[in-house]
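Undergrad:
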Amino acid sequence: MHPAAVERDFHAQSNRLLGFGWVLLVLAVLAWGWAAWQVFVPHGVDRSSRTCAPPAFADRPDPYSNRSVLNGDERHERNCAAARDWTTPVALLVFSAPAFAAGSSLFTAGWLMERTRRLTVQLEQATG
3 MHPAAVERDF HAQSNRLLGF GWVLLVLAVL AWGWAAWQVF VPHGVDRSSR
53 TCAPPAFADR PDPYSNRSVL NGDERHERNC AAARDWTTPV ALLVFSAPAF
103 AAGSSLFTAG WLMERTRRLT VQLEQATG
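If you use the numbering used here, the sequence shown corresponds to residues 3 to 130, in order.
Structural data, given as structure tokens:
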């Protein structure tokens with residue numbers, strides 16, 4: 003195989019690794035952003051005009067209280083806690099951890115391959 007073809011294939015492979023790494027890193031960051039949105043932004047409860055406080059800052063009712071009669075605010079807080087879907091942010095975080103690890107590994111491998119190629123070219127030019 004001609005040396006120029008080998009170098010072209012090596013360069014294409016390093017660019018492909020960089021691209022896949024960037025895509026996985028962007029997906030992981032988007033998943034983190036979406037999970038943060040789910041946790042830090044107020045949400046509404048069905049059939050109510052009142053919004054619920056973000057789960058990260060909400061006042062939690064005591065789950066061990068024996069009070070059977072709740073006032074309006076306590077009932078609203080319980081409805082808010084029951085309405086919040088925790089599976090979405092947790093699933094996003096579970097998905098994003100391996101995506102970030104794989105993306106950073108692929109990006110690093112592609113970057114190192116490109117750097118190695120440039121070093122080899124510079125050494126060949128220096129030796130003449």
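The C-beta atom is built at its ideal place from N, Cα and C for all residues, glycine as well.
This structure is a prediction, so every number in the text was calculated from the model and none was measured.
Rounded to whole angstroms, what is the Cα-Cα separation between ASN56 and ALA38?
TA: In the sequence under discussion, the amino acid at residue 56 is Pro, which differs from the Asn named in the question. Cα to Cα, PRO56 sits roughly 10 Å from ALA38.
Undergrad: Quick one, which of LEU121, ALA103, GLU79, GLY130 has its alpha-carbon nearest GLU9's?
TA: Comparing Cα-Cα distances from GLU9 to each of LEU121, ALA103, GLU79, GLY130, the minimum goes to LEU121.
Undergrad: Look at the Cβ atom of GLY105, then the Cβ atom of SER16, and state whether they are nearer than 7 Å.
TA: no
Undergrad: So what's HIS45 in DSSP terms, helix, strand or just coil?
TA: In the structure shown, HIS45 falls within a strand segment according to DSSP collapsed to helix, strand and coil.
Undergrad: Could you tell me whether the Cβ atoms of ARG119 and PHE12 are closer together than 7 Å?
TA: yes
Undergrad: Tell me which residues share the same chain as LEU20 and place their Cβ nearer than 8 Å to its Cβ, disregarding the 5 neighbours each side in the sequence.
TA: These residues qualify, in order along the chain: LEU108, PHE109, GLY112, TRP113, GLU116.
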